[in-house]
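Protein chains in written order, with the numbering used here: chain F, 1081 to 1395; chain Y, 69 to 310; chain E, 69 to 310; chain W, 4 to 370; chain A, 1292 to 1689. Think of the CB as a built atom: it goes at the ideal place given N, C-alpha and C, for glycine as much as any other residue. Predicted model only: the values in this text are computed from it and were never measured. Before any comments, here is the structure.
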Ligand SMILES: Nc1ncnc2c1ncn2[C@@H]1O[C@H](COP(=O)(O)OP(=O)(O)OP(=O)(O)O)[C@@H](O)[C@H]1O
Ligand SMILES: Nc1ncnc2c1ncn2[C@@H]1O[C@H](COP(=O)(O)OP(=O)(O)OP(=O)(O)O)[C@@H](O)[C@H]1O
Ligand SMILES: [Mg+2]
Ligand SMILES: [Mg+2]
């Protein structure tokens, strides 16, 4: 398709990322982009172009992200975006899979003595705008017949500062964010608790524009390969040894037994390069989410460990 | 009425008024002339304390003009000035221009102030313009309003700083006519002007200034007929030749 | 040289020029006078197409002055105007002011233009000021530069709009002297002025305008000695009395 | 004149006597002034010591999170640790000398141009400087030739980006604004209407709506497959926006040139464009230099709004640094204070310079 | 123009070149070209947009305005909940924008005038402080200042539970300021009617007083009498209405303070930020307005013996007002436009609400077109009002 040809011609993947969300995509002190969303793009570049560094990043705000994809300014949007029906159908996107299962939760000061979200009637809630978070919040309180007062702040710096200064009783965002806010930004983390209720499903994943099926396929399977590699225990460290593994699944994945690459229009080493250069899903998660945010795998554990990460088989 | 003795004034290091000595008697009419930049304006502005002076002594109507605020106010009540560019208040009607000072300075009731104003407007022959704004009047009319405004303060002395030089030639006459009338009624006047016809007609004395000094001072006949100093002769030849 | 026949001009509903008829022969010197607002400036500005006119016909040096751009350009090359406020270009030296039009309009080489400019500067007797900026000159000098600038275009006709009325009295003479010289050399001139001395000395005809009409047109002796119309008499009495 | 010239009398008295006289005149002249003086002093006493304590006495420069946790004052360590990220954004780390050099070149040209106003001998070189300087800056920033690696402009950020956005904004808005100003003065109704509508519409909406439009809507205006990158779109938005404001500045300048100058040009037989180029514009532009510098300052301040559309100008990179590690996030006050200080330095010195220029130009008029 | 174009030499018909040389024809040609270019560009953009929208399956039209917004807005001057439509949500945003702009304009005018006059003060320290204020807040981007105020305000006051109560019923907390409001009662309607009657009465008395003064020169203590009538009538209505004393007092209930009137920290931050920033510009406008009045006006007043304070009031300020109005208008417009930055600190203004709408519906074009035209409308209204005011103040000229 057109997008794929374009990428091959220019020699890099143009990847739309968040303007700064630690663990997902944020610049480090040297100005390099890092995060679990960034790794998706890196994986795709490794598979398609042979080099995980052949990615250029376009930081996008929530408002810009879909237009950027529709206009072709970026090839792929990997920006902690919740997959929904409207976005899939009305905005003309194709979601490639889920690289992070999240859900919306609440963070509150212990001193309030609240142990369940059902006791939050009348609370003031800090929330970031323009995302599904704001809608879920309204839905939840409406469903429970409770009222609340929102404080909607565009920027995470201002929003969390407002929460910790007592402007709000409750801070709500995706659970991954809550944990990191509590551990790294609270004056004293022990004064705050995350309530047990998760009020929404937030399947986050990369998306491309409709119209280039081949490009969508490559992205979809690059993500799947990372997850499947973890299932098989293939890591960036042992991927070379694993080439001699007798497991037919691993042999298919790493191109020892050919066919998969050809089917995708790639060479047979495509998945090998992803794992070698980027690592498997678990490694990426460990390096970015656990290390930066201190968030455990939870829903994002492999299905075999009781989580939801269940890759479509590469076969 | 006015006594200036050994008055000196500097702008920074520039010596604008040099040892000025001048006595003006009540009812006297003095015309001051001289080349541009010679300090004419500065001199008469000093008499009204629009400018300070640094040494010497000026008394007006027996009041010493110094830093004393009360004295300054007293002098200003007696001395009124008419400017080259009229300086009417553009946001007020002619009548309001005229009544402002009587009401706020003389604390006159409004009605009385209006009567007074109308009286002087008639005297300068523009009573019918009382409710217009200055911007709607011609230059000559504006200058006559400015004169009337000064008269409304019923001053003992009037100062004029080139009252006709910003006017079109046709309008000069109407303003000069008003000034001649005033002079004939015995008002004490100091007038900076180049209208030599006016000087000949009404001046008691003509003062010629150059470079901050009073170079020559004489009755008009003598001044025009046989000027003493070279500088005066040169100036008169320039100004009268066309 | 100039033929104006039945020219009419309106500003909106205001009729400024009413059926003007005027013939000017080559070498003739015409002085236009009249009260303020009578349309004198408008008339001579129309001859240069600084203003349009709405009916009638004006031809200058055989060229019909209408909407045709080529004709306008041709006329402007032949007719030059000197303004009351000089309108020198303040960001250029005197010499640059003078050479601008020869270089850009006459496409003259720069060196030649400078020679020409110096020639005319000598003629108005300020060659030594060539490298100063207009702001550094006195009013009289500026007006002489403005005249020299016009002369550099070597026009067939010169128009003057009150060239001395913005000058200090001491400077009027030097400008009038230059104009008298020009007149004596035979330049075709139209001059709006209230300098009646000048009119008497050089004018072939004096035109008196009032309210947009040419009221009287006569040789200077006759014009000043026995004006025919009442309006002219009134005007002359005002302008000559002081 | 020299023989009888006297010097003005000098003020007399000792230093302290003069100081007392001065303060009597300037501080305690009447009860109202005395009250104001005392109130002001009380305010200063209330404000300054805590501020100094926070910013200097109790502050630390140590570039670690642990170091900052120990002090009660400002954590300048945050700025110290992330200085290069704040200054240059995500520009590749090893290549950051390039934006630094580009920034120096740009500042050099700007200072030179501003100096040209004062020293006429510089003036002729201004345009060549820009003509040479802008490509140099472009080569430095983008690379891709002369052995420099290519750097996509989505990686540009920080102070160089702020300066580039505003400087390029002014340069391109300049001719456009001039055309609009001439259009607005035109006697042709259609051209006048187009200019007026453009100017008034743009001036009637906030910059961020223009930026939103440039970043979100603009791609929809282009045919399929044609894309203009985000930075360029923002730059175009800024140019279009600034042009409308500059047009008004120029209009002021054009109106300040007396009508007589047009007429003198006409009566010498110069054509419209000749008069414009040789007579009107040189005068008008000289008059509008100070307001143009002021527009530049406003634009410099306004470029901060591009953070709202996800570009990392100088304020954007401060935010980026705050998020580079969640542990830094709470030091936003220090981050903003640093950004404020830098902006203040740049804007204030330029504002002062423009005020100085205004005075100089006024002097020039009186000559 | 009705003139014939005949050359003096004789009649000749016009050629095409003659036409092209005609000024009027040329002007029309230029204009046709300009209009053509604009139409062409417009058509190109619109057709591209239509094709793009079609291709990408993006829905168009303003139908979404009737849909349920399903997000909450923290402060609203009209009834609003998550079930309300997008149109209502946008209205809420618009009203919030208008509220903060209007208040900002009033406050920045007052503060700016004070600092403008302070910069001309004869008191050295006051003059310097005013200069520091103006220079500091003028040279820092307004967005940064908003961030600053929003960081300061919630931190400066205690949690609602330990609210600071400077006056009974007035609470200062990290969630803003709470004030008591009277409970609705018929007496208040009555008081409103009384106020209107009082104003009408004062109007007529003033007319009468002016007439009397013109005739007899006697002044009438209008201010005292007017205030007396107003206060008296309104108080009378209050007593007749039964002198209700019930107040809706703010008090802590559950998480929050309930009741009373709340001014939120977001609103305060935006208001203070915009006011402070704009007041520095207003101060400069006021200062240069005063300085723009020619010195001759001071001198004329001086030479008439008028006191400086009277001269300032009667002669100088009325004139400087005239100079100051156009730049003031610009500052008012700037303030209104800058209120769009409120989105950065969570004040639900028009842009903030439109942003959310745009994100949820994906209809960027419609959302942007709505808020752009609203801002244009607001700007036009402000300009119209200020033009009217300017005309009123303009000097009458010949
Ligand atoms: N405020 C001032 N500061 C410095 N110098 C001044 C000031 N006002 C006037 N001067 C200078 O003082 C000198 C005398 O000025 P003044 O206005 O009294 O002259 P003048 O005789 O009235 O001239 P003119 O006929 O042009 O009005 C001039 O050289 C002038 O430049
Ligand atoms: N652009 C214009 N629009 C409308 N009326 C105008 C315009 N220019 C001039 N007038 C009017 O046309 C009349 C003639 O003006 P003009 O300038 O020709 O008079 P003038 O005889 O030169 O007067 P002056 O001696 O004052 O220069 C005046 O009443 C003037 O108000
Ligand atoms: Mg003088
Ligand atoms: Mg005229």
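In this structure, residue 1532(A) and residue 1481(A) form a Cβ contact; the two beta carbons are roughly 4 Å apart against a cut-off of 8 Å. Residue-level contact by beta carbon holds for residue 237(E) and chain Y, with a gap shorter than 7 Å.
Counting along the chain, residue 1251(F) sits inside the beta strand (DSSP E) bounded by residues 1250-1254. Of all C-beta pairs linking the segment 1297-1312 of chain F to the segment 1116-1123 of chain F, three or more are shorter than 8 Å, placing the two stretches in contact. Neighbourhood of residue 1426(A) in chain W, by CB distance below 8 Å: 351 and 354, in chain order. Taking the Cβ of residue 110(Y) as the reference point, at least one heavy atom of ligand 1 falls within a distance shorter than 6 Å. The DSSP-derived three-state label of residue 1553(A) is strand.
Within the segment 1314-1339 of chain A, the residues whose Cβ lies closer than 7 Å to some Cβ of chain W are 1318, 1321, 1322, 1325, 1326, 1329, 1336 and 1339, listed in chain order.
DSSP places residue 233(W) in the helix class (H, G or I) of the three-state scheme. Put simply, the backbone Cα of residue 177(W) is about 17 Å away from that of residue 357(W). Chain-order list of chain A residues neighbouring residue 207(W): 1666, 1667, 1670 and 1671, by C-beta distance under 7 Å.
The beta carbons of residue 1104(F) and residue 1117(F) sit closer together than 7 Å. Considering only 334(W), 346(W) and 319(W), the residue with the shortest C-alpha distance to residue 83(W) is 334(W).
With contacts defined by Cβ atoms closer than 7 Å, residue 1322(A) and residue 191(W) form a contacting pair. A distance criterion of 6 Å places the beta-carbon of residue 107(Y) in contact range of ligand 1, judged by its closest non-hydrogen atom.
A distance below 8 Å between beta-carbons, with the five flanking residues on each side excluded, links residue 1357(A) to the following residues of its chain, in chain order: 1376, 1377 and 1378. In the displayed model, residue 242(E) falls within a helix according to three-state DSSP. Ranked by how close their Cα comes to the Cα of residue 1428(A), the residues 1469(A), 1624(A) and 1571(A) have 1571(A) in first place. Here residue 78(E) carries a strand assignment [DSSP, helix/strand/coil]. If you draw a straight line from the Cα of residue 36(W) to the Cα of residue 19(W), it is about 21 Å long.
Cβ contact annotation for residue 242(E) (same chain, cutoff 6 Å, sequence separation greater than five): 208, in chain order. At a cut-off of 7 Å between beta-carbon atoms, residue 136(E) makes contact with chain A. Within its own chain, the residues whose Cβ lies closer than 6 Å to the Cβ of residue 324(W), once the five positions on either side in sequence are excluded, are 85, 88 and 89, listed in chain order. In this structure, residue 79(Y) has its beta carbon less than 6 Å from a heavy atom of ligand 1. Ranked by how close their Cα comes to the Cα of residue 115(W), the residues 353(W), 362(W) and 361(W) have 353(W) in first place. For the segment 1170-1190 of chain F, the set of positions with a beta-carbon nearer than 9 Å to some beta-carbon of chain W is empty.
About 30 Å separates the Cβ atoms of residue 1293(F) and residue 1384(F), ruling out a contact at the 8 Å cut-off.
Distances from the alpha-carbon of residue 1669(A) to those of 1611(A), 1628(A), 1534(A) and 1360(A) put 1628(A) closest. Taking C-alpha positions only, residue 179(Y) is separated from residue 1520(A) by approximately 28 Å.
At a C-beta separation below 8 Å, residue 262(Y) has these neighbours in chain E: 237.
Within the model, the alpha-carbon separation for residue 161(Y) versus residue 205(Y) is close to 11 Å. Proximity of residue 1166(F) to chain W, defined by a Cβ-Cβ separation below 7 Å, is not satisfied. Residue 321(W) has its CB no nearer than 6 Å to any heavy atom of ligand 1.
In the three-state reduction of the DSSP assignment, residue 176(Y) falls in the coil class, being assigned neither a helical nor a strand state. Within chain E, the residues 136, 137 and 138 have their CB atoms less than 7 Å from the CB of residue 1312(A), given in chain order.
Residue nearest to residue 85(Y) within the set 101(Y), 91(Y) and 109(Y) is 109(Y) (criterion: CA-CA distance).
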